[in-house]
Amino acid sequence: MDQSIDFSMVLASAVHDMKNSLGMLLNSLDELRQENENTLRDSKQFNMLQYEAERMHNDLVQLLGIYRLGENNLSAHIEEHYVPDFLSEHLARHTPLLEGLGIDYSVAAEDINGFFDADLLTGVLNNTINNAIRYTQSRIRLTAHMNDGSLVIGVEDDGNGYPVNMQHSGTLNFKSLDFNSGSTSLGLFFASSVAQLHSNGSVTGSIRLHNGGEYGGGVFEIWLP
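Here you go:
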């Protein structure tokens, strides 16, 4: 009897099941909020429960993506999207939590179409918005514009901004990451990997982390050629 076990595949299967279970839990939380809007809207405990469930779900999505990347089984399926609608629809799924936490939100996007993998970019934005919720004081906005032939999609907040050691421009190497910062490094590596899956000729995508923007806080940008 062959006792050899591919532990990475077993782990990936377990992560996939956990991700699906958390997805069902998040749907139930959304329904519960709608049915009990008056009582749950300002509930700190309920908002924290939803926030942490979203964060865990995002981490599992990223883990699966990185596993597939390591297996050379992650590719971008590029399609054309109207960017303002994509960002507005994406932000809408976070609206109940943002309103429950008293965070103002907006979209500032140029009237442009972009070419990208919507599912992969959704995973990046989910994690980035979740981080912005954690560190913002009161405002979050999604942005989009063209710069030097690239579509630049950003998430801005009015928090204290990124520390100097996290400010970054370009792509990330897995071996260079500091996982003492928790899931943040995992999310940045996933975002960088997704960006690199988007290319146009010799130009590949990248991410940039800096401070400033409209609100003076942290600014995350993913550049897609």
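Counting from 11, one number per residue, gives the positions in the sequence shown under the working numbering. Glycine included, C-beta positions come from ideal geometry on N, C-alpha and C.
Hey, is the segment 62 to 70 in contact with the segment 20 to 34, meaning 3+ C-beta pairs nearer than 8 angstroms? Yes, they touch.
Over what stretch of residues does the beta strand (DSSP E) that includes S216 continue unbroken? First-last of the beta strand (DSSP E) with S216: S216 to G222.
Let me check understanding here. Comparing Cα to Cα, which of P173, F17 and L161 lies closest to Y92? Nearest option by C-alpha distance: L161.
Through-space distance from L111 to L130, alpha-carbon basis: In a straight line, the C-alpha of L130 is about 27 angstroms away from that of L111.
M34: first and last residue of the uninterrupted alpha helix (DSSP H) it sits in: Counted as a single uninterrupted DSSP element, the alpha helix (DSSP H) harbouring M34 occupies residues F17 to E45.
Alpha carbon of A142 to alpha carbon of R218, nearest angstrom: In a straight line, the C-alpha of A142 is about 15 angstroms away from that of R218.
Span of the alpha helix (DSSP H) around D95: V93 to A102 is the extent of the alpha helix (DSSP H) around D95.
Inter-residue Cα distance where the pair is S203 and I232: Taking the CA atoms as reference points, S203 sits about 11 angstroms from I232.
Give the straight-line distance between the Cα atoms of G197 and K29, rounded to the nearest whole angstrom. If you take the alpha carbons of G197 and K29, they lie about 16 angstroms apart.
In the segment 49 to 133, which residue ranges form an unbroken beta strand (DSSP E) of at least 3 residues, counting only runs that do not cross its ends? Taking only runs of at least 3 residues, the beta strand (DSSP E) segments lying wholly in the segment 49 to 133 are 89 to 92, 114 to 119 and 123 to 126.
Which residue comes first and which comes last in the beta strand (DSSP E) that contains H155? Per DSSP, the unbroken beta strand (DSSP E) holding H155 starts and ends at R149 to N157.
Within the same chain, show all residues whose beta-carbon is closer than 8 angstroms to that of A24, passing over the 5 residues directly before and after it, in chain order. Hits under 8 angstroms: none found.
Can you give the Cα-Cα distance for D16 and F199, rounded to whole angstroms? Going from the Cα of D16 to the Cα of F199 covers about 24 angstroms.
Beta-carbon spacing of F56, E90 below 8 angstroms: At least 8 angstroms separates the beta-carbon of F56 from that of E90.
Helix, strand or coil for L207, going by three-state DSSP, please let me know. Residue state for L207 is assigned as coil, using DSSP reduced to three classes.
Cα separation between L42 and T105? Between L42 and T105, the C-alpha separation is close to 15 angstroms.
What three-state label does DSSP hand F160 in the structure shown? Before going further, note that residue 160 is Ser rather than Phe in the sequence given. Looking at S160 - three-state DSSP - the assignment turns out to be strand.
So what's G228 in DSSP terms, helix, strand or just coil? Strand, per DSSP.
The segment 219 to 227 / the segment 167 to 175 touching (three or more Cβ pairs under 8 angstroms): Taking 8 angstroms as the limit for Cβ pairs, the verdict is that the segment 167 to 175 does touch the segment 219 to 227.
Note down, in chain order, each residue of its chain lying with its Cβ closer than 6 angstroms to the Cβ of N137, except the 5 sequence neighbours on either side. N68 and G197, listed in sequence order.
Assign A119 to one of two classes, buried (16 or more other C-beta atoms within 10 Å of its C-beta) or exposed (fewer than that). Classification for A119: buried.
Leaving out five residues on either side along the sequence, give the residues of the same chain with a beta carbon under 8 angstroms from the beta carbon of Q177. If we look at Q177 and ignore the five residues flanking it on each side, its Cβ neighbours are L219, H220 and N221.
How about S98 and R151: are their beta carbons less than 8 angstroms apart? No, the pair does not count as a contact, with Cβ atoms beyond the cut-off.
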